[in-house]
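Per my numbering, the very first residue in the sequence shown carries number 107; after that it's consecutive.
Even for Gly, the Cβ is constructed at its ideal location relative to N, Cα and C.
Fair warning: this is a prediction, and the values are worked out from it, not measured in the lab.
A short write-up of the structure that comes next.
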Amino acid sequence: MEPSEKDANEVQREEQQVVNDVEPPSNRNVREKTFLHDIADILPTEPPLLAIPSNSRPQLQRASTSGTGAESYPEGGLEAWLVVLGCFFALMAAAGLLNTLATFQAYLITHQLSEYSEGTIGWIFSLFPFVVFFVGLYTGPIFDKYGPRWIIAVGTVFDVLGLMLFSISTELWHFILSFGLCTGFGASLLFTPSFAAPGHWFLRRRGLATGLAATGGSIGGVVFPLMLESLFPRLGWGWSIRVLGFVSLLLATLANLLVRSRLPPAVNASAHPDLRIFRNRAFLLCTIGIFLLEFALFIPVTYISSYARDNGFSTAFSYQILPILNAGSAFGRALPGWWGDIIGPFNVNMLMTLGCLISCLAIWLPAGSYTAGLVIYALIFGFASGSNISITPVCVGRLCKTQQYGRYYATCYMVVSFATLVGVPIGGSILTSDRGNYWGMIVFTGCVYVAAFVSIAAAKWCIVGWKPFVVF
Numbered sequence: 107m108e109p110s111e112k113d114a115n116e117v118q119r120e121e122q123q124v125v126n127d128v129e130p131p132s133n134r135n136v137r138e139k140t141f142l143h144d145i146a147d148i149l150p151t152e153p154p155l156l157a158i159p160s161n162s163r164p165q166l167q168r169a170s171t172s173g174t175g176a177e178s179y180p181e182g183g184l185e186a187w188l189v190v191l192g193c194f195f196a197l198m199a200a201a202g203l204l205n206t207l208a209t210f211q212a213y214l215i216t217h218q219l220s221e222y223s224e225g226t227i228g229w230i231f232s233l234f235p236f237v238v239f240f241v242g243l244y245t246g247p248i249f250d251k252y253g254p255r256w257i258i259a260v261g262t263v264f265d266v267l268g269l270m271l272f273s274i275s276t277e278l279w280h281f282i283l284s285f286g287l288c289t290g291f292g293a294s295l296l297f298t299p300s301f302a303a304p305g306h307w308f309l310r311r312r313g314l315a316t317g318l319a320a321t322g323g324s325i326g327g328v329v330f331p332l333m334l335e336s337l338f339p340r341l342g343w344g345w346s347i348r349v350l351g352f353v354s355l356l357l358a359t360l361a362n363l364l365v366r367s368r369l370p371p372a373v374n375a376s377a378h379p380d381l382r383i384f385r386n387r388a389f390l391l392c393t394i395g396i397f398l399l400e401f402a403l404f405i406p407v408t409y410i411s412s413y414a415r416d417n418g419f420s421t422a423f424s425y426q427i428l429p430i431l432n433a434g435s436a437f438g439r440a441l442p443g444w445w446g447d448i449i450g451p452f453n454v455n456m457l458m459t460l461g462c463l464i465s466c467l468a469i470w471l472p473a474g475s476y477t478a479g480l481v482i483y484a485l486i487f488g489f490a491s492g493s494n495i496s497i498t499p500v501c502v503g504r505l506c507k508t509q510q511y512g513r514y515y516a517t518c519y520m521v522v523s524f525a526t527l528v529g530v531p532i533g534g535s536i537l538t539s540d541r542g543n544y545w546g547m548i549v550f551t552g553c554v555y556v557a558a559f560v561s562i563a564a565a566k567w568c569i570v571g572w573k574p575f576v577v578f
């Protein structure tokens, strides 16, 4: 055999090994199975929920999602649900800050940083989610190998320290270092284990468990802006942010006590990331889709309060519109997770992406200048975009083994972090180029959602083929 042929065979074997790690055998064979074989593989011991007559045409199939076939999951019990509660507290402290960015942006642009443009200030609040997701590149593999305890403990220290430094910041670079870097680093160490830990306790109900944990970020996004709106006039910036820091300290401490992993690490577990997993087309396309979802998400979340203020709404309402959005997001994190357990996380993700697209172009663009229109948009977009946080981790979990989930989730969101870094400044630049007119930014956001839908649908197609009604 020629050397070139040997090299080609070696590369082919390496690529096949990566696919074997990422994609379970039952998923790779799903195209070759008939509908009856699919049902037999997936539900070997459980009776069907609905008996379909032989002369009826079935509308849904179910693709197998078992990772190894040897793992067992409690699927409930006090210990499992306490882990979910701990993840809820951790995400309230970490993701709650992500959902409060518009409040910080609206305050700073009229106070300490009033001489800077929207786009310049946007770098502070794009750097924060970038660090949250990018640091996860190592947080996930470390979780897989060592568990969550020390990760969350260190994250608590940096999260609270960053907020205390944020409270005494006066210059642009102060805010970048304290909030963007220090608080972002701490929030990342709280963020990633909180999405990985429920997967150690749930498989069949993983979407519901992850969704309930993710509602912590939405609850934080309701409580924190309303709390700050009440405290800013009475205590000023400094002590308002310090109160927020003490609340975060309490939440993160509770998370330290409750969050734990259960499954042993994989035999070949490493604390280092492995970019070879992108050789799998489904995982690559899924990552691109999540990249685009997060790119689009943070534009409305960051600018909706400024939009309300610039369109003549009161200062109080401009602060309140963000909690309204996050209230919708709370339901949008729990319910899609539950639906994902029934019709599949990829299907739910695509439906919710369409919801984001329609709400931006059919409600925000034509009717956002009216109170009713903006409130309806905030509720619908909040609900639809809530699944960006709760259901996308479950989608990633469908493409790997549970013991490797932290690595795959972190690698995916390492790429996604760059979307959060550039999304908000690009939105601000479009806004500046349109001389403060928001229509260009809104249309741009809608176009990004179109591309996200296509990428997620393509990732599903790589696993199950062109079967729109398959449960996956």
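Among the options, which residue has its Cα nearest to the Cα of residue i?
i, options, result
"I215", "F330, G261 and T408", "T408"
"A196", "T276, F285 and V260", "V260"
"H217", "Y515, G446, G342 and G202", "G342"
"I603", "F231, E181, S220 and G183", "Nothing in the structure corresponds to residue 603, since the chain is present only between 107 and 578."
"A200", "L457, F239 and A490", "F239"
"V190", "D265, Q211, G286 and G305", "G305"
"G292", "A563, M270 and F308", "M270"
"C193", "C288, S300, G246 and E185", "S300"
"P331", "T245, I410, Y425 and T421", "Y425"
"N417", "V241, V454 and Y476", "Y476"
"Q211", "L428, F352 and I548", "L428"
"G182", "N205, L314 and L278", "L314"
"D380", "T517, L334 and G488", "T517"
"L505", "T226, I383, V353 and W256", "I383"
"L441", "I497, L287 and G533", "I497"
"P91", "G268, W229 and L296", "Any question about residue 91 goes unanswered here, given that the chain covers just 107 to 578."
"Y514", "L243, E185, Y222 and L207", "L243"
"P370", "A303, N362, E277 and H280", "A303"
"A436", "F487, L188, F401 and L278", "F487"
"L184", "W307, P235 and T508", "W307"
"L399", "T289, G492, F352 and F419", "G492"
Compute the Euclidean distance between the alpha carbons of residue i and residue j, then round it to the nearest angstrom.
i, j, result
"R134", "Y179", "Caution applies to R134, whose pLDDT of 40 falls short of 50 and renders its modelled position unreliable; the value that the coordinates give is listed next. Going by the C-alpha atoms only, they are around 23 Å apart."
"E224", "V349", "26 Å"
"G395", "V522", "9 Å"
"C568", "V576", "13 Å"
"L583", "F389", "Residue 583 falls outside the range modelled here, since the chain spans only 107 to 578, and no answer is possible."
"G450", "L219", "45 Å"
"Y413", "S367", "42 Å"
"V237", "L283", "11 Å"
"G571", "V266", "47 Å"
"F272", "V530", "20 Å"
"I495", "F578", "18 Å"
"Y519", "F397", "8 Å"
"A565", "G503", "13 Å"
"Q510", "S336", "44 Å"
"K573", "F559", "16 Å"
"T262", "A358", "6 Å"
"P153", "T226", "Its pLDDT being 35, under 50, P153 is placed unreliably in this model, and the coordinates cannot settle the point."
"T171", "A525", "The predicted model places T171 with a pLDDT of 38, which falls under 50 and marks its position as unreliable; any figure quoted below should be read in that light. Cα to Cα, the separation comes out at about 29 Å."
"T245", "G344", "31 Å"
"V528", "G512", "25 Å"
"V124", "L391", "Low local confidence applies: a pLDDT of 45 at V124 is under 50, so the model's placement there is unreliable, with the coordinate-based value given in what follows. Distance between the alpha carbons of V124 and L391: 16 Å."
"L155", "I448", "Note on L155: pLDDT 32, under 50, position unreliable in the model; the coordinate value appears next. In a straight line, the C-alpha of L155 is about 11 Å away from that of I448."
"I562", "N455", "8 Å"
"I347", "L334", "8 Å"
"L166", "G317", "Low confidence applies here, because L166 scores a pLDDT of 41, under 50, leaving its location unreliable and the question unanswered by this model."
"N386", "I248", "22 Å"
Does the beta-carbon of residue i, which I'm using as the reference point, lie nearer than 8 Å to any heavy atom of the ligand ZN?
i, result
"L214", "This structure simply doesn't include the ligand ZN, nor any ligand for that matter."
Check whether chain C comes within 9 Å of residue i, counting only Cβ atoms and requiring the distance to be less than that.
i, result
"I257", "Included in the structure is just one protein chain, with no chain C present."
Starting from the N-terminal side, write out each stretch of the alpha helix (DSSP H) that is 4 residues or longer and does not extend beyond the region 358-430.
Those alpha helix (DSSP H) runs which fall completely within the region 358-430 and span 4+ residues are 387-416.
At least 3 beta-carbon pairs within less than 8 Å: the region 479-492 vs the region 462-469
Counting Cβ pairs under 8 Å, three or more are found: they touch.
For the region 420-439 against the region 321-331, are there 3 or more C-beta pairs whose distance is under 8 Å?
These segments touch.
Which runs of the alpha helix (DSSP H) at least 4 residues long sit entirely within the region 462-525? Give them in chain order.
Whole alpha helix (DSSP H) segments, 4+ residues: 477-496 and 498-503.
Touch check for the region 458-465 and the region 550-569: three-plus C-beta pairs under 8 Å?
Three or more pairs of CB atoms, one per stretch, sit closer than 8 Å, so the region 458-465 contacts the region 550-569.
Entirely enclosed beta strand (DSSP E) segments - the region 271-313, minimum 3 residues
DSSP runs (the beta strand (DSSP E)) wholly in the region 271-313: none.
Any chance you could list the alpha helix (DSSP H) runs of at least 4 consecutive residues sitting entirely within the region 198-263, in chain order?
Within the region 198-263, the runs of alpha helix (DSSP H) at least 4 residues long that lie entirely inside it are, in chain order, 207-214, 224-240 and 242-252.
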